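Participant:
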Amino acid sequence: DGGITQSPKYLFRKEGQNVTLSCEQNLNHDAMYWYRQDPGQGLRLIYYSQIVNDFQKGDIAEGYSVSREKKESFPLTVTSAQKNPTAFYLCASDRGQGAEKLFFGSGTQLSVL
Amino acid sequence: SQKIEQNSEALNIQEGKTATLTCNYTNYSPAYLQWYRQDPGRGPVFLLLIRENEKEKRKERLKVTFDTTLKQSLFHITASQPADSATYLCALDYSGAGSYQLTFGKGTKLSVIP
Chain A
1 DGGITQSPKY LFRKEGQNVT LSCEQNLNHD AMYWYRQDPG QGLRLIYYSQ IVNDFQKGDI
61 AEGYSVSREK KESFPLTVTS AQKNPTAFYL CASDRGQGAE KLFFGSGTQL SVL
Chain B
1 SQKIEQNSEA LNIQEGKTAT LTCNYTNYSP AYLQWYRQDP GRGPVFLLLI RENEKEKRKE
61 RLKVTFDTTL KQSLFHITAS QPADSATYLC ALDYSGAGSY QLTFGKGTKL SVIP
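Order-wise, the sequence lines are chains A and B.
Residue numbering for the first sequence follows my numbering, beginning at 1 and increasing consecutively.
Residue numbering for the second sequence follows my numbering, beginning at 1 and increasing consecutively.
1. From T108(B), E15(B), S95(B), E60(B), pick the residue whose C-alpha is nearest to that of N24(B); which is it?
2. Kindly indicate which three-state DSSP category Y28(B) falls into: helix, strand or coil?
3. According to DSSP, is S80(A) part of a helix, a strand, or is it coil?
4. With a threshold of 9 Å between beta carbons, is V45(B) in contact with chain A?
5. According to DSSP, simplified to helix, strand and coil, what is Y33(A)?
6. Please work out which residues of its chain come closer than 7 Å, Cβ to Cβ, to E54(B), disregarding the five sequence neighbours upstream and downstream, and give them in chain order.
7. Note down, in chain order, each residue of its chain lying with its Cβ closer than 8 Å to the Cβ of K83(A), except the 5 sequence neighbours on either side.
8. Can the beta-carbon of G43(B) be found less than 9 Å from the beta-carbon of A87(A)?
9. Find the residues of chain A that neighbour K106(B), judging by a C-beta separation of less than 8 Å, and give them in chain order.
10. State the DSSP-derived secondary structure class of Y88(B), mapped to helix, strand or coil.
11. Could you check what DSSP says for S111(A) in three-state terms: helix, strand or coil?
12. Taking 7 Å as the limit between beta carbons, can you name the residues of its chain near S65(A), skipping five residues before and five after?
13. Based on DSSP bridge pairs, tell me the residues matched to E5(B).
14. At which residues does the beta strand (DSSP E) containing F46(B) begin and terminate?
15. Okay, do the region 32-52 of chain B and the region 68-78 of chain B touch, 3+ Cβ pairs below 8 Å being the bar?
16. Roughly how many angstroms lie between the CA atoms of K9(A) and Y89(A), to the nearest whole one?
17. What do you get for R36(A), buried or exposed, if any count of 16 or more other CB atoms within 10 angstroms of its CB means buried?
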């Protein structure tokens, strides 16, 4: 079955540590996205990539980094510069320009120890 | 900046009734509006899209309306079932340029009581 796989489901970060969230898709989608979801707030865009080897900052990129070396993969690193990283992180993809719906992964819950 | 409001954080409804969820926006009309369903601990799942020039869309027990005068979209679930209990998100794309332009509402948590 085609879809988006996020791992791990739960992740814990220690003070000063960088952690990486994995996102893989087998939908042959050109565009991939990372969102952050906090209780009582709408989804907020962290980074997006419309093509391999290219990505752009979203609304809340500070303290995060990404790479897009392969079409299928879009990992997100939460760096130590992100002072409030506890949230539910969602990866999504679509076919790119003109797409009218997003396909989401099942999310990663990141918590700070 | 554009704002989007889902004006109920939670909605409780009895099984068999019609659930109606509201999404309001400010300023000019979006190119299209989407509705997603999200279950606890899971990612959202796309349900329906309605464009600026459309007044109504249906899919099985779901119906979405778009009123550009009221700047509002209504999402209806007829003959609601306990399995419909979830959080429903609306999202707007004002430019039609792509998903990176989407603005999401905070969601309405629907509980269907048997």
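Glycine is no exception: its CB is placed at the ideal position from the N, C-alpha and C atoms.
Keep in mind that this is a model prediction, so the values were computed, not measured.
Facilitator: Inspection of the coordinates gives the following:
1. Selected option, being the one with the closest Cα: T108(B).
2. Residue state, collapsed to three classes: coil.
3. Three-state DSSP puts S80(A) in coil, outside helix and strand.
4. Answer yes: the Cβ-Cβ gap between V45(B) and chain A drops below 9 Å somewhere.
5. In the structure shown, Y33(A) sits in a strand (DSSP, three-state: E or B).
6. Closer than 7 Å at the Cβ level, and outside the excluded window around E54(B), lie F66.
7. Here the set comprises G63.
8. Not closer than 9 Å, so no.
9. Per Cβ cutoff of 8 Å: G40, Q41, G42.
10. Strand, per DSSP.
11. Residue state for S111(A) is assigned as strand, using DSSP reduced to three classes.
12. Counting only Cβ-Cβ distances below 7 Å, and skipping sequence neighbours, we find T77, T79.
13. In the DSSP assignment, E5(B) forms a beta bridge with N24(B).
14. Residues 45-51.
15. Counting Cβ pairs under 8 Å, three or more are found: they touch.
16. Cα to Cα, the separation comes out at about 10 Å.
17. Counting the other Cβ atoms within 10 Å of the Cβ of R36(A) gives 16 or more, which makes it buried.
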